[in-house]
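What follows is a short report on a single structure.
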Amino acid sequence: MATNDTVQARVSPELKADAEAVFSSMGLKTSDAIRLFLQQSVNTGGLPFQPKAKIPNAETLAAMKEAENGEGTRYNSVDALFDDLND
């Protein structure tokens with residue numbers, strides 16, 4: 001007779017709720033999704049997806065480009081930044 005092991009993970013309440021909403025929309029329980037993930041990891045011999053960093057939004061990309069071009073406001077300290085923000 002087969003037995004089952006328990007897998008536990010600590011995640012933030014927000015991440016758990018967001019993931020549960022996604023899984024529920026597909027008719028899955030969180031435990032089903034975890035089993036699928038584990039089985040696909042075994043089937044593919046690695047992660048069943050390619051991890052990627054979040055893609056910055058347009059505003060962040062523009063700010064990064066601005067900084068790369070030496071434009072924008074620069075601060076010598078965090079205090080100077082906050083002083084400017086509070087003005």
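When we follow full-length UniProt numbering, the leftmost residue of the sequence shown carries the number 1, and every step to the right adds one. For glycine and all other residues, C-beta sits at the position ideal for the given N, C-alpha and C.
Can you find the residues in the same chain that come closer than 6 Å, C-beta to C-beta, to residue i, ignoring five residues on each side of it along the sequence?
| i | result |
| --- | --- |
| Glu66 | Gly72 |
Answer yes or no: do residue i and residue j have a C-beta to C-beta separation smaller than 8 Å?
| i | j | result |
| --- | --- | --- |
| Ala33 | Phe49 | no |
| Thr30 | Ala17 | no |
If we define contact as Cβ-Cβ less than 8 Å, is residue i a contact residue for chain D?
| i | result |
| --- | --- |
| Ala17 | Among the chains of the structure shown, chain D does not appear; only one protein chain is present. |
The alpha helix (DSSP H) that contains residue i, what's its start and end?
| i | result |
| --- | --- |
| Ser41 | 30-44 |
| Pro13 | 13-25 |
| Asp87 | Where Asp87 is concerned, there is no enclosing alpha helix (DSSP H), given that its DSSP letter is neither H nor E. |
| Met64 | 58-68 |
Apart from the five residues on each side of it in sequence, which residues of its chain come closer than 7 Å, Cβ to Cβ, to residue i?
| i | result |
| --- | --- |
| Thr6 | none |
Looking only at its own chain, which residues have a Cβ that is under 8 Å from the Cβ of residue i, when we skip the five neighbours before and after it?
| i | result |
| --- | --- |
| Leu47 | Ser41 |
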